[in-house]
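If you read the sequence shown in our numbering, its first letter stands for residue 21, the second for the next number, and so on.
C-beta: ideal position from N, C-alpha, C; glycine also.
Remember, predicted model here, so these are calculated numbers, not experimental data.
Written below as C-alpha cells is the structure these notes are about.
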Amino acid sequence: MNIQKPVFLNDVEFKASVNQQSGKEWNWINPKHGAFGHPANYYESSLQQWHQFDALSADIECDVVVIGGGLLGASTALHLSEQGVETVLVEKNRIGSAASGRNGGQFTPGLARWEAAEMIEHFSYADAKKLWHFTSTEAMALIDSIADQYDLDLQRKRGHITAAVHEGHLVGLTQGADARKFLGEAHTQVVGKHELKEHIASDNYCGGLLDALGGHIHPLALNRGLIYGFCKNGGKVYEQTEVTAVEEREDGVYVTTSSGVIKARKSVVMGVHHASFKLLQKNNQTTIPFYTYVCTTAPLEVDLKELLPTDAPVYDTQFQIDYYRGVSQNRLLFGGEGTGSCWNPEKTYQYLLGRIQHVFPQLKSVELDFVWSGTTDLTMNGAADSRKFGNKFPIYAVQGWSGHGVAQTVRIGKAIADDFCGKADDFNMLTRIHHQDILFGRALAPVVIPVAKSAYGLGALINPGKMVSF
C-alpha cells in the first residue's frame with residue numbers, strides 16, 4: 021500500500037477534523053480562525069493531511085484481528101507484522117481519533133499510576149525490577165528504535181520534570197527516586213526551589229524531580245507512524261469499521277462489524293482503551309471512565325525559553341495536576357483536571373486559561389487557539405489492567421491507563437505480539453496484577469469521581485505534605 025509517513029506543517033492549519041465526533045469528546049478552536057462543525061485539535065492541525073482507509077466491505081479471514089487504531093492496537097499490529105503474522109486492524113473512527121491522538125504527549129515511566137515504589141510493594145525484587153524496566157527504560161528505547169527503523173519524525177524530546185507545589189512533596193519525590201535507584205535505574209535528580217528556576221520560570225514550586233528518562237512526543241504522529249510501519253510490512257487497515265461482537269468458535273474467533281465479519285484464525289487483540297469493556301465477556305467492571313482537558317495557546321508574547329529554559333515538559337504534584345510543555349511556533353500546550361462529567365468548551369477554556377495565568381503570571385495577554393477534551397479510565401489499584409483469555413484461541417485486552425502511558429502502551433503492544441509468537445512472557449507478568457471489579461462504577465462515574473476527589477481533597481487540606489495527584 022502506498023502510504024506516507026506523518027509530515028509536520030510549519031505551523032498549524034485550522035481545519036475540520038477527519039475524525040467523527042465520538043461520545044462526549046469535543047474540539048474547540050478560537051472563532052477568529054474559522055467555524056467548523058468539528059474542528060481538528062492541535063495535533064491534527066499541525067500535521068499534513070494523511071491517508072484515510074476504507075471501511076470493511078466484505079467478509080475476510082486473517083491470522084490476527086486487532087480491534088482499535090490507537091497506540092496499543094497500532095503497536096501490536098506493527099510488531100505482529102514484523103514477525104510475519106497476517107494481521108488486520110479495524111478502527112471504528114479514524115486512526116488516533118481517541119485518547120491516543122488527544123493526550124498530553126508526555127513520557128513518564130511506570131504502569132499507569134504504578135511507579136517504582138508500588139512495584140516493589142507488590143512484587144519480588146526481581147519481578148519489580150523487570151516490570152519497572154519494562155515500563156521505563158525499555159518503553160522509551162522502543163519508541164526510539166521504531167522512529168529510527170522507519171525514519172519517523174515524531175518531535176521526540178528528552179527530559180521531564182515533576183514540580184513540587186509543597187515542600188512536603190519533595191519527600192515523596194525523593195522516595196520515588198530512591199525506589200527507582202533500588203531497581204537499577206538512576207535517571208533522576210531531586211532539586212530545590214532555586215535550581216528548579218533554571219528549568220521553570222514560576223514561583224509556584226518548592227523544588228522538583230528532574231527525570232532524564234522521560235520526555236515528550238507528538239502522540240498523533242507516533243500513532244500514524246506505527247500504522248505507517250504496519251502497512252509497509254503488508255498489514256491491512258479498515259477505518260470506520262465498528263466491532264459489535266467477538267465470538268470464539270471451534271475454528272477461530274469471529275469479529276462481527278457493521279459491514280462484514282472477520283474470521284481470526286489464531287487470535288484477537290482488543291486495543292480499544294476504555295470502551296473495551298463492551299466487548300469483554302467477564303470481569304468487565306474494573307475501570308471507571310473520566311474526562312480530561314488540554315489546550316494549546318496562540319503563539320506567546322514572550323519566547324518560550326523565558327518560561328521553560330530547558331524545554332522539559334512538566335507535571336506538578338497538586339491534587340488536580342497541571343501539566344504543560346512547549347510546542348511548535350512558540351505555543352504552550354497545557355492540560356489538567358479529571359472529571360466524572362464532561363465539561364463544555366467555555367468552562368474548560370476559562371479553567372485552563374486561569375491555570376496558565378496562575379503558573380506564569382508574567383504572561384499578560386494569553387489567547388487559546390485550541391481546546392479539547394479526552395476520555396480515559398481508572399482502575400482501583402492504579403495499574404493498567406492487562407488480560408489474556410479465551411479457550412482455544414488467545415484474546416488480549418488492556419485498559420485502565422489513568423491518563424499515563426504513551427510510551428508504555430507501545431511497549432505492551434510489542435509484549436502482546438511477542439507473547440502470541442512465543443518469543444517472551446512479558447505480557448504474563450502484567451496479567452498477574454490483581455484488579456477489583458467496581459460495582460456500578462461506569463454508570464456512577466459522574467457521582468463517584470466527585471465524591472472521591474472531595475475526600476482526597478479534604479485529606480490534602482488536613483495533610484498538605486502528603487502527595488496525592490489525580
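Minimum C-alpha distance to residue i - residue among the options
i	options	result
aspartate 173	Val379, Gln68, Thr451	Gln68
glutamine 340	Thr312, Tyr170, Ser361, Thr277	Thr312
valine 379	Asp336, Tyr369, Ala427	Asp336
arginine 114	Arg244, Lys201, Leu233	Arg244
isoleucine 308	Ser361, Gly228, Ala265, Asp79	Ser361
glycine 355	Lys112, His238, Tyr344, Arg407	Tyr344
glutamate 111	Val263, Val430, Gly204	Val263
alanine 118	Glu218, Ala444, Ala94, Ala332	Ala94
tyrosine 416	Gly423, Thr128, Arg407	Arg407
glycine 394	Ser120, Val32, Thr107, Thr96	Ser120
Test item: CB-CB of residue i and residue j under 9 Å
i	j	result
leucine 91	glycine 291	yes
alanine 221	leucine 327	yes
tryptophan 48	tryptophan 392	yes
tyrosine 248	leucine 109	no
lysine 286	valine 105	yes
threonine 96	valine 289	yes
leucine 151	methionine 400	no
Residue burial classification, residue i (beta-carbon count within 10 angstroms, cutoff 16)
i	result
arginine 269	exposed
glycine 442	exposed
isoleucine 482	Reliability fails at isoleucine 482, whose pLDDT of 49 lies under 50, so the model's placement of it is uncertain and the value that follows must be treated cautiously. Looking at its Cβ environment, which holds fewer than 16 other Cβ atoms inside 10 Å, isoleucine 482 is exposed.
asparagine 30	exposed
threonine 429	buried
tyrosine 225	buried
histidine 454	exposed
phenylalanine 490	With a pLDDT of only 45 at phenylalanine 490, under 50, the local geometry of the prediction cannot be trusted, and no value is derived from it.
histidine 256	Per the sequence shown, residue 256 should be read as lysine rather than histidine. Classification of lysine 256: buried, given that the 10 Å Cβ count is 16 or more.
Contact belief for residue i with residue j at Cβ below 8 Å, rounded distance in angstroms
i	j	result
glycine 179	glycine 234	7 Å
alanine 36	histidine 53	About 12 Å separates the two Cβ atoms, so there is no contact after all.
leucine 352	isoleucine 376	7 Å
valine 504	isoleucine 163	Any answer about residue 504 is impossible in this case: the structure gives the chain only from 21 up to 490.
alanine 132	alanine 435	With 8 Å as the limit, alanine 132 and alanine 435 do not qualify as a contact, their Cβ atoms being about 15 Å apart.
alanine 241	glutamine 175	7 Å
leucine 383	valine 314	The Cβ separation is near 18 Å, so there is no contact.
leucine 246	leucine 98	5 Å
Extent of the continuous beta strand (DSSP E) run through residue i
i	result
arginine 285	280 to 290
glutamate 64	Element bounds for glutamate 64: not the beta strand (DSSP E) but the alpha helix (DSSP H), 62 to 65.
glycine 234	227 to 236
arginine 178	177 to 184
leucine 397	The question names leucine, but residue 397 in the sequence shown is aspartate. It spans 388 to 399 - the beta strand (DSSP E) in which aspartate 397 sits, taken as one unbroken run.
Residue range of the unbroken alpha helix (DSSP H) whose run includes residue i
i	result
tyrosine 145	145 to 155
glutamine 377	365 to 379
lysine 325	324 to 327
phenylalanine 310	No alpha helix (DSSP H) contains phenylalanine 310, which is instead part of the beta strand (DSSP E) from 307 to 317.
phenylalanine 56	Here phenylalanine 56 belongs to no alpha helix (DSSP H), and DSSP marks it neither H nor E.
glycine 192	189 to 202
lysine 408	Segment 405 to 409 is the beta strand (DSSP E) holding lysine 408; no alpha helix (DSSP H) there.
arginine 431	426 to 440
Neighbour flag for residue i against chain B, beta carbons, 9 Å
i	result
valine 27	Absent from the structure is chain B; it holds one protein chain and no more.
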